[in-house]
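Okay, structure first, notes after.
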Amino acid sequence: MKTLDWSALMRAGLVGLRLTPDQFWRLTPAELSLMLGQGVDQTPMGQAGLASLMAAFPDQPIDTGEKNE
Numbered sequence: 497m498k499t500l501d502w503s504a505l506m507r508a509g510l511v512g513l514r515l516t517p518d519q520f521w522r523l524t525p526a527e528l529s530l531m532l533g534q535g536v537d538q539t540p541m542g543q544a545g546l547a548s549l550m551a552a553f554p555d556q557p558i559d560t561g562e563k564n565e
């Protein structure tokens, strides 16, 4: 069984990620690992990936109730 360094995990979560104690204790170990960037071997998104996301999910204008003239 693998032991956990709780003081380091708490410091990373509470100080590094600025989580509240409640948020920290609700996380699963897998979620905390993901938030800390552990086990992530994916390359950053490139320009083509961003363009694809922007086409799939375009920004919607916010209706402020004001009329533009």
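Per the numbering used here, the sequence shown starts with residue 497, numbered consecutively.
We put the beta carbon where it would ideally sit given N, CA and C, even for glycine.
Just so it is clear, the structure is predicted and the values come from calculations on it, not from any experiment.
_Quick check on the DSSP output: the alpha helix (DSSP H) that includes PHE520 runs from which residue to which?_
517-522
*Select from GLN534, ILE558, GLY509 the residue whose C-alpha is nearest the C-alpha of LEU523.*
GLY509
*Mind reading off the beta-carbon distance from GLU541 to PHE520? Whole number of angstroms is fine, and I expect it under 8 angstroms.*
With the sequence shown as reference, residue 541 is identified as Met, and Glu is not the correct amino acid for it. Rounded, the Cβ-Cβ distance is 28 angstroms, inconsistent with contact.
*Pick out whichever of ALA551, PRO557, LYS498 has its Cα sitting closest to the Cα of PRO525.*
LYS498
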